[in-house]
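Colleague:
Protein chains: 6
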Amino acid sequence: MNENKIRNIVIRAIQEDIWTGDITTDCVVKEDKEAIGKIIFKEEGVLAGLPVARMVFKEIDSDLKFNALIEEGETINADRVVAKVAGRTKSILKGERVALNFLQRLSGIATQTKRYVDGVEEFDVKIVDTRKTTPNLRILEKYAVRKGGGNNHRMGLYDVILIKDNHIRSAGGIKEAIQRTKDQYATMIEVEVETIEDVNRALDAGADIIMLDNMDIPSMKKAVNLISERAKIEASGGITLKNIKEVASTGVDVISVGALTHQISSLDISLDLAQE
Amino acid sequence: MNENKIRNIVIRAIQEDIWTGDITTDCVVKEDKEAIGKIIFKEEGVLAGLPVARMVFKEIDSDLKFNALIEEGETINADRVVAKVAGRTKSILKGERVALNFLQRLSGIATQTKRYVDGVEEFDVKIVDTRKTTPNLRILEKYAVRKGGGNNHRMGLYDVILIKDNHIRSAGGIKEAIQRTKDQYATMIEVEVETIEDVNRALDAGADIIMLDNMDIPSMKKAVNLISERAKIEASGGITLKNIKEVASTGVDVISVGALTHQISSLDISLDLAQE
Amino acid sequence: MNENKIRNIVIRAIQEDIWTGDITTDCVVKEDKEAIGKIIFKEEGVLAGLPVARMVFKEIDSDLKFNALIEEGETINADRVVAKVAGRTKSILKGERVALNFLQRLSGIATQTKRYVDGVEEFDVKIVDTRKTTPNLRILEKYAVRKGGGNNHRMGLYDVILIKDNHIRSAGGIKEAIQRTKDQYATMIEVEVETIEDVNRALDAGADIIMLDNMDIPSMKKAVNLISERAKIEASGGITLKNIKEVASTGVDVISVGALTHQISSLDISLDLAQE
Amino acid sequence: MNENKIRNIVIRAIQEDIWTGDITTDCVVKEDKEAIGKIIFKEEGVLAGLPVARMVFKEIDSDLKFNALIEEGETINADRVVAKVAGRTKSILKGERVALNFLQRLSGIATQTKRYVDGVEEFDVKIVDTRKTTPNLRILEKYAVRKGGGNNHRMGLYDVILIKDNHIRSAGGIKEAIQRTKDQYATMIEVEVETIEDVNRALDAGADIIMLDNMDIPSMKKAVNLISERAKIEASGGITLKNIKEVASTGVDVISVGALTHQISSLDISLDLAQE
Amino acid sequence: MNENKIRNIVIRAIQEDIWTGDITTDCVVKEDKEAIGKIIFKEEGVLAGLPVARMVFKEIDSDLKFNALIEEGETINADRVVAKVAGRTKSILKGERVALNFLQRLSGIATQTKRYVDGVEEFDVKIVDTRKTTPNLRILEKYAVRKGGGNNHRMGLYDVILIKDNHIRSAGGIKEAIQRTKDQYATMIEVEVETIEDVNRALDAGADIIMLDNMDIPSMKKAVNLISERAKIEASGGITLKNIKEVASTGVDVISVGALTHQISSLDISLDLAQE
Amino acid sequence: MNENKIRNIVIRAIQEDIWTGDITTDCVVKEDKEAIGKIIFKEEGVLAGLPVARMVFKEIDSDLKFNALIEEGETINADRVVAKVAGRTKSILKGERVALNFLQRLSGIATQTKRYVDGVEEFDVKIVDTRKTTPNLRILEKYAVRKGGGNNHRMGLYDVILIKDNHIRSAGGIKEAIQRTKDQYATMIEVEVETIEDVNRALDAGADIIMLDNMDIPSMKKAVNLISERAKIEASGGITLKNIKEVASTGVDVISVGALTHQISSLDISLDLAQE
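Protein chains in written order, with this note's numbering: chain W, 99 to 374; chain D, 99 to 374; chain B, 99 to 374; chain U, 99 to 374; chain V, 99 to 374; chain L, 99 to 374.
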């Protein structure tokens, strides 16, 4: 991860919450009061986001001491302390909500991802995310997917050629679409297909990765046999915790799941303050 | 809402996804192709976010025509078209994912809020949100809460004095905490209390709003009677769709619910493209 | 105050003055020269802005040592040294003008505010500022008001409901205007009135604060009696050092004075350099 | 003036005031209400800043019509309308305070400058400003000086070599200081001097402009005679409306006056709204 | 290309040149003067950058009319007019230098690229650029490479896995390095090799693209035979117009040339102004 | 130079290259690996840009140690180590390309400038640059010119009055153009002339610097004699290493050369990594 980029996200989040000042804390809490805050998991889940929480507190007050007690990506039981932050009470109170908002969302994503990854652990298949992320938090949400044991699909429209149905229709066919990209880029090409006929067209045109979009299990199996080693195979669309094992059993290389970032609950995490 | 502020969020989200360019679309789709995209609700829910979706498309290509067919805040059946966007196919494809990511999240929040509001419609009580929002999207998420029929609590630490337990402990008591804010601000003061004793202390010190934090129903009733017209009363903590009616029945003025923005699923909304 | 926000103001001010470089100092002063600068009040006044001056010097050169000798908000005699800055001569010269520009303006505001506050010290009334501040310096100017013993009215249009005459006319009456805000916000409402009839309307509609705008003293007294404990009372408009005591004697709770930030002279403060 | 640069100042000022939204106007004023606002001088003064006021309104709502009725730089009688703004009532109300804050300050500066310029109209001398400007508004304040009939001294540390006493002391003498700048820049050099001896040293070293700092009138006359055509001559320090004519009479080419931007009162200007 | 991203580059370039204002033009040229500027190639070359030049003029004055007379990527003879810009003389003069600075550099790159592409036209090989671009202009320089007939290698460190010698040494071998990336990403892997042994290791570990770094021609031929269809092949390092045909004849798929952006001369292009 | 301004350029350049992360290095290189990188000149040239390279590495990882072994502006032989950077291997690899891109370009400019300066060393004349710089790198490129022994002409349109032919035509003559600037600014005026008649007009109108644009050598000599001490003299246009000595021999004070920044090759400089 690029720390400077994440710092910008963190600074904006702090500005959003504090803006011209934390008027309550500035009135009520004396400058020299000190405290220790414990960040506690209130329910079981996978930890992701402590480096972001640390950044929040350090941006607010570089004198705060932040101790991460657990490694990112570990599964944590309820009531466990995952980190401590010590220093000025004012500074801890100012950062509390923003730090937790990041941590709860990212740990929620990691926890969700872990469930999908665990569901296919007997297969040689990778679980990847999609572009269905929260606007302006993608870099962090994709980080959380990795901490949950998943892998990342493309970061955005700029880093991978992925020819979808609308592109194909607009170009007049799979062959034409692939040819146009080959004219301009010397890189890997992924194509989305919905039928076995399209699988053949994609193979003929030289696709490097073929994404089977919303196929039923028998078609998927047929496609996997047909493609064999000639291209990588990704399954996508309508994949849930219920059907993921069956999808994995078809032999696809990669399964992309929008729900990793799109249908998650923030984990219940709190900060308890012991004033000194 | 401040349009300039939202435009900044939208521009950053577009940059996040497109960065140096949509390499697939730029290769495959010809400059002069045109199409019409229909934005369709795939499940029932409350609409929120079309002005943001419009901004996404307009930022990418100011020639795109965007027609909102439904008013923000309406409840929509599945399969209904809520807006159309027409113009260059390239531009529609570039904006699709970002526009939907905003729309799905905001409509998810409005839909969730509507459930809480409907749950207490027989009472004269307001449902309000909290600061448990997605970092850097608070202004939009609070907008979605309003569209779902809810009201907004404070925007951040800067606009309302809200004295919480940690502030009280740090100041050495409710009375001291309130006094310190009165020395510096000529504005309304809200205080969080957990016991009836604290309610009395808050009243004596001149609190304008008293927040009953995680109180059981009998205590809440006692507090409401005690406070009467001397302050506004807010219930907070552990409030769900199951218990909200009972909470409302105690006579509190306001109920704050973190789950409005913190435990939501993005609504299933898609963009269907008809190429011309 | 939010330090990050103020740092942005400071950085922009430095860039405004230095831009591509201080060409004189870079040519003339050797890299390793050191000096001590003394910041001196050339006339009596209230000190405000040393933390901003410190930030200016630290941003330019983090090795500079800045010692504040006096507490913010103290009244200083002419010729008194209020702070010292030591380190590279080049760095001190580069920051001198920007640091003084901030310090002179903020101390000017604090000094002005102190005069108004002293004028009403026998009354239980608060002097507050307005939104008539220098564009992009409001957070600092409101800070200076506090250091002069004043209090702050709202920071901007976003943090307090204040219904003024144009709002009332547009809504069709005080009652309608207040009702519309109550439909959307669960917060305190302030209403501006010009006549005793309007005071009654505002009370009936449930205003929390009533601002008496440009009322003469007898009307003000009548309004104060009428409102009594039913709402807070603010006097506003045409208040000067000459009439403020009479206004305070009517029993209003708050007096807002645009001149605190709008009609001030920068205080005469200089930096004397002793080269080593 | 660079319009883009000023637009940035304007946008920040709007954000400062509106931030997440004008909550009063958004609640109370209906979307389709229209009005005409008249900007009125409440006291006599020189007009400066209408293009900035226009920008404020246009940034908030590009549909607003803004008509300037008077040319920048004209002297206006009290009660005269200088501009009209027409369109959505909401938009006019949102921009009112920010537009006036700019206009009042800039017209105050132009009015002040005009007094100094008028004071020396019988002489062939230019009145110029200094770097004692409000942080982050320098470009606008220097514009207002020009509209008041003054000229601009340097914009910042980056565009003119001006060797002051601290530079000279640090370099070990006027000659050394000038020589060091000549080694690096092929541009005009201005030097600040306090004595006749220093005038001679500056002339010998090849200064292009000599600034007579805080000299008494007899010394100034002597310096002017001595320098004659060999360099331009600037008088600076302690110059007020009382003594400026005497200073001009010494024959200096330029008089710099910090008070143009440093000791000014905002002019009394208001916006009257006629709702339709 | 992402227009918003390029607009940011253009705006910064304008600010860099104009900053507080074009003082000469603002003094000398009257507001209502109009003119037509012709952009003329003074030497033969490939055109690239007109859309950027247009953006410069439109940013400065949206009323300027800009007519591109030639398509990007065409080879232009000396003395040919490639575009006209018409409107306010002031605006044309303000944008002239910045527009030309972009256009001259980008056309220089396109012209240089064309020479390399022409040199291998008989072969089925692609000429690609590197990351040796001017800081903060990469998106534009890579665009110019495409207009000259070249293709783009990766945009930055973020969009393609490219394992270089230092990575391999740090990981302890090609196999280990490839394995680590496969654990985290489901994407294409490129590996840099210097010897035939390394080619074998890369093939065994499953590299998708093999970059032959600074190999002599016989080794390159051997490597091409060895790899055959098992991976794409890129030649890199020390490639000039003199040896590029020989490199292409080895049968590699792609040749990367740092000199496309790193050793170029700006093309001689001028703007001639006909005042009206 | 203004360090903050340069830091912004550096940060943008790093973001351009790394964006969401260096995916190769993050996968392959272990967090705790350390190395030493040597920055080596592969060809002879003048060093410029080490402080920028240092900033690149420090921005990426403030723990990296950067040791400059040579002074800026020195001429370096091929194969000489000019600096070392030590610390985390990951951090060195992430910064390598960006640091070199700056260093190679700036040293290329310094080397080029040195050739021109050396070509006229027997004359009392200054070599200065122009505004033909790379967009958004001007401050750095002008720094490199100084390190090569050159001097800087104006930074942009904002800091020097330079009346060119188009200005003169638009104003209706040299006299009118100069008069208009004198009405508004109390600063030095430079005028571009092409004929001896224009030289006379410029002198009469009071120009401070006269730029002889594209004059042949005999005309230049005539102009120099005519102007004598009445103004500074600059030669400009079509000046190359071949004719610069002859131009200098005419007695002009300053020669401006666009090629210093416009026709340069990046110097060949590399970073060699010794892993520990």
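Every residue, glycine too, gets a C-beta built ideally from N, C-alpha and C. Since this is a predicted model, take the numbers as computed values, not measurements.
Measuring alpha carbon to alpha carbon, tell me which of D302(U), Y256(U), D177(U), V243(U) ends up nearest R203(U).
Modeller: The option with the nearest alpha carbon to R203(U) is V243(U).
Colleague: Flag this pair as touching only if the segment 106-116 of chain D and the segment 101-108 of chain V have three or more C-beta atom pairs under 8 Å; answer yes or no.
Modeller: Taking 8 Å as the limit for Cβ pairs, the verdict is that the segment 101-108 of chain V does touch the segment 106-116 of chain D.
Colleague: List the endpoints of the continuous beta strand (DSSP E) containing A133(B).
Modeller: Taken as a continuous stretch (DSSP letters only), the beta strand (DSSP E) holding A133(B) covers 132-139.
Colleague: Just the chain L side, please: which residues come within less than 7 Å of I253(W) by C-beta, in chain order?
Modeller: Looking at the sequence shown, residue 253(W) is not Ile but Met. Here the neighbours are T118.
Colleague: Give a yes or no on whether 8 Å exceeds the smallest Cβ distance from S368(U) to chain B.
Modeller: Chain B, which has no Cβ nearer than 8 Å to the Cβ of S368(U), makes this no.
Colleague: Less than 7 Å between C-beta atoms, sequence neighbours within five positions excluded: which residues of the same chain meet that for V108(L)?
Modeller: For V108(L), where only same-chain residues beyond five positions count, the Cβ hits under 7 Å are V150, M153, V154, E157.
Colleague: If you drop the 5 nearest sequence neighbours on each side, which residues of the same chain put their C-beta closer than 8 Å to that of R278(V)?
Modeller: Taken in chain order, the residues that qualify are A269.
Colleague: Can you list, in chain order, the residues of the segment 239-250 of chain L whose Cβ is nearer than 9 Å to any Cβ on chain U?
Modeller: The residues in question are R244, N249, N250.
Colleague: Counting pairs of Cβ atoms below 8 Å between the segment 165-172 of chain B and the segment 233-242 of chain U, do you hit three or more?
Modeller: Output reads no: the segment 233-242 of chain U does not touch the segment 165-172 of chain B.
Colleague: Does DSSP put I287(V) in a helix, a strand or coil?
Modeller: Residue state, collapsed to three classes: strand.
Colleague: Name the residue from E327(W), R236(W), L371(W), V226(W) whose alpha carbon lies nearest to the alpha carbon of V352(W).
Modeller: Among E327(W), R236(W), L371(W), V226(W), the Cα nearest to that of V352(W) belongs to V226(W).
Colleague: For M313(V), which three-state DSSP category applies?
Modeller: Coil at M313(V), not helix or strand.
Colleague: Are the CB atoms of L191(B) and N264(U) within a distance shorter than 8 Å?
Modeller: For N264(U) and L191(B), yes; Cβs fall inside 8 Å.
Colleague: What are the residues that DSSP puts in a beta bridge with V108(V)?
Modeller: DSSP lists no partner for V108(V).
Colleague: Quick check on DSSP: helix, strand or coil for F221(W)?
Modeller: Three-state result, F221(W): coil.
Colleague: Is the segment 303-314 of chain U touching the segment 274-294 of chain U in the sense that three or more CB pairs, one from each, lie closer than 8 Å?
Modeller: Yes, the segment 274-294 of chain U touches the segment 303-314 of chain U.
Colleague: For a test of the three-state rule: what should DSSP assign to S347(L), helix, strand or coil?
Modeller: Here S347(L) sits in helix by DSSP.
Colleague: Compare the C-beta of N102(U) with all C-beta atoms of chain V and state if any pair is closer than 8 Å.
Modeller: Yes, N102(U) counts as interfacial toward chain V.
Colleague: Let me check understanding here. Comparing Cα to Cα, which of V322(V), I207(V), V350(V) lies closest to D222(V)?
Modeller: Minimum Cα distance to D222(V) is reached at V350(V).
Colleague: Quick one: give me the first and last residue of the beta strand (DSSP E) that N298(W) is part of.
Modeller: Careful: N298(W) lies outside any beta strand (DSSP E), inside the alpha helix (DSSP H) at 294-303.
Colleague: I need the boundaries of the beta strand (DSSP E) containing L369(V), first residue and last residue.
Modeller: It spans 367-373 - the beta strand (DSSP E) in which L369(V) sits, taken as one unbroken run.
Colleague: How far does the beta strand (DSSP E) with V183(U) in it extend, from its first residue to its last?
Modeller: It spans 179-186 - the beta strand (DSSP E) in which V183(U) sits, taken as one unbroken run.
Colleague: Quick check: is the beta carbon of I109(U) nearer than 8 Å to any beta carbon in chain D?
Modeller: Interface residue, yes.
Colleague: Please tell me whether S400(B) and G304(B) are closer than 8 Å, where the distance is taken between their beta carbons.
Modeller: Since the first and last residues shown for chain B are 99 and 374, residue 400(B) lies out of range.
Colleague: Quick one: does I190(L) have its CB under 8 Å from some CB of chain W?
Modeller: Answer no: the Cβ-Cβ gap between I190(L) and chain W never drops below 8 Å.
Colleague: Taking 8 Å as the CB-CB cut-off, is Y283(V) touching chain W?
Modeller: Chain W, which has a Cβ nearer than 8 Å to the Cβ of Y283(V), makes this yes.
Colleague: Report the residue from D281(B), R178(B), A146(B), I276(B) whose alpha carbon sits nearest the alpha carbon of I138(B).
Modeller: Ranking the options by Cα distance to I138(B), first place goes to R178(B).
Colleague: Taking Cβ-Cβ distances shorter than 8 Å, what residues in chain L pair up with I237(W)?
Modeller: By Cβ distance, chain L contributes T118, G119.
Colleague: Check for me: the beta strand (DSSP E) holding N165(D) runs from which residue to which?
Modeller: Segment 163-166, the beta strand (DSSP E) holding N165(D).
Colleague: In the DSSP assignment, the alpha helix (DSSP H) including L235(D) goes from what residue to what residue?
Modeller: It is not in any alpha helix (DSSP H) - L235(D) carries neither H nor E in the DSSP assignment.
Colleague: Give me, in chain order, the residues of the same chain whose beta-carbon lies closer than 8 Å to that of I174(B); leave out the 5 immediate sequence neighbours on both sides.
Modeller: Excluding residues within five positions, the ones whose Cβ falls inside 8 Å are F139, E142, G143, V144, L145, I168, V180.
Colleague: Specify the secondary structure class of E157(W) as computed by DSSP and reduced to three states.
Modeller: Correct three-state label for E157(W): helix.
Colleague: Check whether the Cβ atoms of G247(U) and V196(U) sit closer than 8 Å, and answer yes or no.
Modeller: Not a contact, by the Cβ cut-off of 8 Å.
Colleague: The alpha helix (DSSP H) with L260(W) in it runs from where to where?
Modeller: No alpha helix (DSSP H) contains L260(W), which is instead part of the beta strand (DSSP E) from 259-261.
Colleague: The alpha helix (DSSP H) with I121(V) in it runs from where to where?
Modeller: Taken as a continuous stretch (DSSP letters only), the alpha helix (DSSP H) holding I121(V) covers 121-126.
Colleague: In chain D, what lies closer than 9 Å to L201(W) by C-beta?
Modeller: Going along chain D, no residue has its Cβ under 9 Å from L201(W), so there is no contact; the nearest lies around 11 Å.
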